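Using my numbering, you'd call the opening residue of the sequence shown number -17 and step up by one each time. Have a look at the structure below before the remarks.
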Amino acid sequence: MMKSGQISISRFNEGLTVFKPDYYLNRGKKVISDLLDKGITNSSLVDLTDKLYQGGIFKRVFVENTDYAHQYITASDMVKAQPLDNAKNISVKYTPWVDEMTLRDKQILMSCAGTVGNTTLVNDSFSGCIGSQEIIRIETSQIPFGFLYAYLSAPIVNEYIQSMIYGAVVPRISPEELGRLPVLLPEENKQQQIHNLIVEASKLRVEANKLLKESHRIFDQNLNFKPRQALYMKKNVKDILGNYHNRLDSSFYLNINNADEELSKARYKSIELGELVLRKMFTAQRGRRNYVGSNGIRFLSTTNVSESNPLLINKFLSRSTKGLETLIVNKKWILVSSSGQEILGSAFLVDDTYAKSAVNQHSIRVIIDETLISPYYVYGYLSTPKIKNYIRSGIYGSAVLTIDEHFLKSLKIPILNDKMEEISKLVESYSNKFETACFMEKEAITLIENEIEQWQES
């Protein structure tokens, strides 16, 4: 679609001196530039920060032994609800500039290569780990950091940032270019109000993650699954013939010596997941997606569901989309990612941040019968790292890695009668805190957007 528009010659003096149309016809660029012309109080980002830097580039050496490693996250990991879930172990010995690369509490992070402009706020859940060189770090004591984070997360500001990107093959933005970003400044009391919402949301996320990890600890403590130690084992051919996929690959059998076998050997009472569901597990119908404006049904990918705030996704499907009813999810459903790379096998508990929304076909819908067992308990088990790895042992496919509901339904859920209520309450509290944090962050960003709208109308 062709775009055209007129600009003032004075606009060439703003930010980068570039002549590409995308820079000037960008909606965020136009809105913010018009507000600058109105004389709205503002400052460049670099003038509001104590530090604005990217971190060094070096050869990364990853190791198995966590005793000799730092946890390392990428720009795609940092925006996840659980940033350390897919963290790698980077060598202590061969990693230079550790102090510079370490992520610190209250830093604002922005992705600066590939998908540019994704923003997150470092909290205690992942502070202290090593961050990729494709993350810009922002530190400030000059204005409330929560306000600055909310401002950088606002869609209209993100659009402006997109106009500053360079690079023909891999889109990029440098700290120097980002430093030229105009930051529109509302009254100090409004800045503080926004800051307080973000700070409280950040605290709730930390509390939520601790609750979920505590539920995982209880499962680990009571089940005593053996970690994979050997790279080989013997398997009876009868077990292979009785296997749903008739699998011959070693990865299927070597993963934690098979969770089902561990439950059986320890004589834990267990029930197959397929016997605990209200209806048969399923994936959504595939088909053409018709995207529309905000009057449609909100649509999320499985990757969006894994992120720290699904409320910030603003993509909508037409209500007449074929098979839409199979895409829509409801609260307390469990989604298990059925394709992809690192995300494959991950479990997600649907909450009010995206209940009644559409989620793509790359996740298996698990609807627990609450008269039989708590969905919070089942999610607590499915979300443990060891069980995610076990689910991944059911992967098949050479080009597109996949798992299906036939494998998932046979997964045994341990029935820890004396711990079920405790685990269920921990996971429910985790879900409530995470959900509240998302709504508070959304409220803070909406306050930024409302300020911008009021400035436009004044």
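From the three backbone atoms N, C-alpha and C, an ideal C-beta is built for every residue, glycine too. On a predicted model such as this, the values are computed, not experimentally measured, just so you know.
Excluding the five sequence neighbours on either side, which residues of its own chain have a C-beta within less than 7 Å of the C-beta of residue 425, listed in chain order? 179
Whose C-beta lies closer than 8 Å to the C-beta of residue 30 among residues of the same chain, with five residues either side of it excluded? 122, 124, 125, 130, 165
Quick one: any contact between the stretch 396 to 412 and the stretch 355 to 362, if contact means 3 or more CB pairs under 8 Å? yes
DSSP-derived helix/strand/coil call for residue 290: coil
Any idea if residue 36 is buried or exposed, counting beta-carbon neighbours within 10 angstroms, 16 or more meaning buried? buried
Which listed residue (45, 253, 397, 419) has its alpha carbon closest to that of residue 334: 419
Under 8 Å between the Cβ atoms of residue 54 and residue 75? no
Distance, residue 253 Cα to residue 204 Cα: 17 Å
Give me the residue from 25, 368, 17 with the minimum Cα distance to residue 200. 368
Measure the alpha-carbon distance for residue 429 versus residue 326 and round it to whole angstroms. 36 Å
Quick one: is residue 381 buried, meaning 16 or more other Cβ sit within 10 Å of its Cβ, or exposed? exposed
With three or more beta-carbon pairs closer than 8 Å as the criterion, would you say the stretch 259 to 270 touches the stretch 291 to 302? no
Nearest to residue 45 by CA position, among 34, 24, 71, is which residue? 71
C-alpha distance - residue 251 paired with residue 260, whole-angstrom precision: 21 Å
Between residue 402 and the rest of its own chain, which residues show a CB-CB distance below 6 Å, the 5 nearest in sequence each way excluded? 359
Buried or exposed (CB count within 10 angstroms, at least 16 for buried), residue 433: buried
Residue 68 - containing beta strand (DSSP E), residue span: Counting along the chain, residue 68 falls outside any beta strand (DSSP E), and DSSP gives it neither H nor E.
In this structure, does DSSP put residue 53 in helix, strand or coil? strand
Residue of 60, 78, 435, 194 minimising C-alpha distance to residue 415: 194
Identify which residue in 133, 115, 374, 157 has its Cα closest to the Cα of residue 441. Summary: the structure shown does not reach residue 441, with the chain confined to residues -17 through 440, and so no result is reported for it.
Under the rule that 16 or more other beta-carbon atoms within 10 Å means buried, what is residue 108, buried or exposed? buried
With a Cβ-Cβ cutoff of 8 Å, do residue 10 and residue 158 count as a contact? no
Residue 394, DSSP secondary structure in three states: strand
Could you pull out every residue in the same chain whose Cβ sits closer than 6 Å to the Cβ of residue 56, ignoring the five residues on either side in sequence? 114
Look at the Cβ atom of residue 290, then the Cβ atom of residue 63, and state whether they are nearer than 8 Å. yes
Alpha-carbon to alpha-carbon, residue 305 and residue 96: 32 Å
C-alpha gap between residue 98 and residue 144, whole angstroms: 7 Å
Would you identify the three-state DSSP class for residue 422, choosing helix, strand or coil? helix
Let me make sure I understand the geometry here. Which of 320, 183, 340 has the alpha-carbon closest to that of residue 308? 340
Are the beta-carbon atoms of residue 337 and residue 364 separated by less than 8 Å? no
Going by beta carbon distance, what residues of the same chain come within less than 6 Å of residue 256, once the five residues before and after it are set aside? 391
What first and last residue would you give for the beta strand (DSSP E) that runs through residue 116? Where residue 116 is concerned, there is no enclosing beta strand (DSSP E), given that its DSSP letter is neither H nor E.
So, residue 91 versus residue 77, is the Cβ gap smaller than 8 Å? no
Quick one: grab the DSSP three-state call for residue 86. coil
Within 10 angstroms of the Cβ of residue 343, are there 16 or more other Cβ atoms? Answer buried if so, exposed if not. buried
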